[in-house]
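Trainee: Next up is a structure, given as structure tokens.
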Amino acid sequence: MHLTNEKIAEFKRILEEERDNIAAQIQRVGTGMDFGNDIDAGDEETDEAEEIGNMEGVKFVLEEKLKSVNRALEKIDSGSYGMCETCKKEIEPELLNIAPESHLCKNCKQHPD
Ligand SMILES: [Zn+2]
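Quick note: the working numbering has the sequence shown finishing at residue 290, numbered continuously throughout.
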């Protein structure tokens with residue numbers, strides 16, 4: 178395993194911070210705050226529907242990301258963090274530096290299947 182305990186502890190800190198950030202964002206989306214402030218009073222119904230559509234999209238993306246982050250945190254606990262889910266090889270450290278929640282190595286990410 179190329180990842181040192183220090184490095185894993187660092188990723189864990191980053192991931193936990195990210196998890197809290199995303200959870201806070203999901204909560205904001207849920208209450209309809211902070212997103213799409215430009216509601217045109219002229220056509221309220223349409224705008225509202227669009228607004229909800231956008232928020233659902235944003236929420237979906239955030240929830241997917243949260244799942245990914247949580248999965249990475251679980252892997253840290255179980256000791257399998259940093260391993261590609263597809264080829265079971267080590268994920269490149271530079272990839273983890275950019276996205277600590279990565280579950281695939283560079284090769285598998287670029288060539289699904
Ligand atoms: Zn791989």
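Note that beta-carbon positions come from the ideal geometry of N, C-alpha and C, so glycine has one too.
Round the Cβ separation of residue 262 and residue 281 to the nearest angstrom and send it over; I've been treating them as touching at under 8 Å.
Mentor: Right, the Cβ-Cβ distance comes to about 6 Å (below 8 Å), so this counts as a contact.
Trainee: For residue 267, name the three-state secondary structure that DSSP assigns.
Mentor: Residue state, collapsed to three classes: strand.
Trainee: Note down, in chain order, each residue of its chain lying with its Cβ closer than 6 Å to the Cβ of residue 188, except the 5 sequence neighbours on either side.
Mentor: For residue 188, where only same-chain residues beyond five positions count, the Cβ hits under 6 Å are 277.
Trainee: Rounded to the nearest angstrom, what separates residue 181 and residue 225 at their Cα positions?
Mentor: Approximately 50 Å between the Cα atoms of the pair.
Trainee: Would you give the residue range spanned by the alpha helix (DSSP H) that residue 195 belongs to?
Mentor: Segment 182 to 207, the alpha helix (DSSP H) holding residue 195.
Trainee: Measure the alpha-carbon distance for residue 238 versus residue 286 and round it to whole angstroms.
Mentor: Each residue's Cα considered, the two are about 18 Å apart.
Trainee: Going by DSSP, what residue range makes up the alpha helix (DSSP H) through residue 261?
Mentor: It is not in any alpha helix (DSSP H) - residue 261 carries neither H nor E in the DSSP assignment.
Trainee: For the alpha helix (DSSP H) holding residue 285, just list the boundary residues, first then last.
Mentor: Residues 283 to 287.
Trainee: Within this structure, are the beta carbons of residue 279 and residue 268 separated by less than 7 Å?
Mentor: Going by C-beta atoms, residue 279 is nearer than 7 Å to residue 268.
Trainee: Could you have a look at residue 279 and say whether DSSP puts it in helix, strand or coil?
Mentor: Residue state, collapsed to three classes: coil.
Trainee: Assuming residue 243 contacts residue 203 under a Cβ cut-off of 8 Å, what Cβ separation, rounded to an integer in Å, is found between them?
Mentor: Confirmed, Cβ separation roughly 7 Å.
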